[in-house]
């Protein structure tokens, strides 16, 4: 029998050793990259639990050998500035925005992918074209609109703005994923008497968990870290953490004992969220790229 019928010849002992060493080197390199990527986060955390005098005199890494310098006083000072209210404002903006974008985009994406209606393709091209519209273009006209209807400065104004500018990308991403679902699944559901809403809620949407999770992470991080929209539309009572930290920088440029713990608190929740759903993030971003 020929080699083609028997398959590839067995690798030599030297080849197997090289493969194992190569895999170990790759894993070690990835671990080093991950540690290097987390160094700024570790440094920010250490700075946030050191006294201001120690931060001004030495680098944060010296605290690793001087644990007596570590204290939670900076966090208590931060909470005394009213930062807790800004934290809950950020949650009140980010969570509804993420849920609204996912819900509206999922229904629109299903319609673009599997429902026939006049002008569907042209309307989808308009949605795709909106992806290139910079967010700065809408600030002034929408600010005037909010002022005329009396919601300027409120949390609702920030949420509505983020939803409007988050929908084009969300619809584009989910539509590509939905279009890749086998049509036989939808046809079988229709033969069983399921309507469009039933098909969407019980067949299509459950299959889209990777894409939905990816979109949710992307949208959550974008809104959580936003500063520009908050500066324009949120007043002092409704300001999120990013605007609160920015105001601290303007008033107390060297007040590191306030800025460091605030920055770490604003960082830790997105970081935990990303690590919790990172496998969905990669799967979802690749969804629909290849049919």
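Numbering (my numbering), first residue to last: 3 to 293.
Even glycine gets a Cβ: it sits at the ideal position worked out from N, Cα and C.
Check: So residue 213 packs on residue 169, CB below 8 Å; how close in whole Å?
Finding: Residue 213 sits at position 211 when you count from the first residue of the chain shown. Residue 169 sits at position 167 when you count from the first residue of the chain shown. Not quite, the Cβ-Cβ distance comes to about 15 Å (not below 8 Å), so this is no contact.
- prompt: So residue 92 packs on residue 242, CB below 8 Å; how close in whole Å?
  reply: The residue given as residue 92 occupies position 90 in the chain shown. The residue given as residue 242 occupies position 240 in the chain shown. Rounded, the Cβ-Cβ distance is 4 Å, consistent with contact.
Check whether the segment 69–87 touches the segment 146–166, taking contact to mean three or more Cβ pairs, one atom from each stretch, closer than 8 Å.
Put simply, the segment 69–87 does not touch the segment 146–166. Fewer than three CB pairs are less than 8 Å apart.
> For the alpha helix (DSSP H) that contains residue 177, what are its first and last residues?
Replying inline: As a working mapping, residue 177 is identified with position 175 in the chain shown. For residue 177, the uninterrupted alpha helix (DSSP H) run begins and ends at 157–181, by DSSP.
Residue 276 (DSSP reduced to helix, strand or coil):
Counted from its first residue, the chain shown places residue 276 at position 274. In the structure shown, residue 276 falls within a helical segment according to DSSP collapsed to helix, strand and coil.
May I ask you to report which of helix, strand or coil DSSP gives residue 111? Numbered from its first residue, the chain shown carries residue 111 at position 109. In the three-state reduction of the DSSP assignment, residue 111 falls in the helix class, which pools H, G and I.
task: Could you give the DSSP three-state label for residue 6: helix, strand or coil?
output: The residue given as residue 6 occupies position 4 in the chain shown. Low confidence applies here, because residue 6 scores a pLDDT of 44, under 50, leaving its location unreliable; read the following figure in that light. Note: residue 6 maps to helix in three-state DSSP.
| message | Assuming residue 222 is part of the alpha helix (DSSP H), what are its boundary residues? | response | Within the chain shown, the letter at position 220 stands for residue 222. Residues 211–226.
- Extent of the continuous alpha helix (DSSP H) run through residue 199: Here residue 199 refers to the residue found at position 197 when the chain shown is read from its first residue. Annotation: the continuous alpha helix (DSSP H) that includes residue 199 extends over 198–201.
(request) Starting from residue 146, trace the alpha helix (DSSP H) both ways and give me its first and last residue. (result) Position 144 of the chain shown, counted from the first residue, corresponds to residue 146. First-last of the alpha helix (DSSP H) with residue 146: 141–151.
| query | Should the segment 180–192 be called in touch with the segment 129–142, which here means at least 3 C-beta pairs below 8 Å? | reply | Taking one beta carbon from each stretch, the segment 180–192 and the segment 129–142 have fewer than 3 pairs nearer than 8 Å; the two do not touch.
Between the Cα of residue 101 and the Cα atoms of 116, 236, 164, which residue gives the shortest distance? The residue given as residue 101 occupies position 99 in the chain shown. Per the Cα distances, 164.
Contact the segment 26–35 vs the segment 45–53: 3+ CB pairs below 8 Å: Output reads no: the segment 45–53 does not touch the segment 26–35.
- Item | CB contact flag (residue 114, residue 173, <8 Å) | For the purposes of this step, residue 114 is taken as residue 112 along the chain shown, with counting starting at 1. For the purposes of this step, residue 173 is taken as residue 171 along the chain shown, with counting starting at 1. Here residue 114 is near residue 173, since their CB atoms are less than 8 Å apart.
Once the 5 residues before and after residue 232 are set aside, which same chain residues still bring their CB inside 7 Å of it? Counted from its first residue, the chain shown places residue 232 at position 230. Once the five neighbours on either side are set aside, the close Cβ partners of residue 232 are 160, 241, 242, 244, 245.
What's the call for residue 263, buried or exposed, on a 16-neighbour Cβ count within 10 Å? Looking up residue 263 in the chain shown gives position 261. It counts as buried.
- Query: In terms of residue numbering, what span does the alpha helix (DSSP H) encompassing residue 1 cover?
  - Reply: Given that the chain is displayed from residue 3 to residue 293, the structure contains no residue 1 and the question cannot be resolved.
Review point. What did DSSP end up calling residue 74 once you bin it into helix, strand or coil?
Key: If you number the chain shown from 1, residue 74 lands on position 72. Residue 74 falls in the coil class under three-state DSSP.
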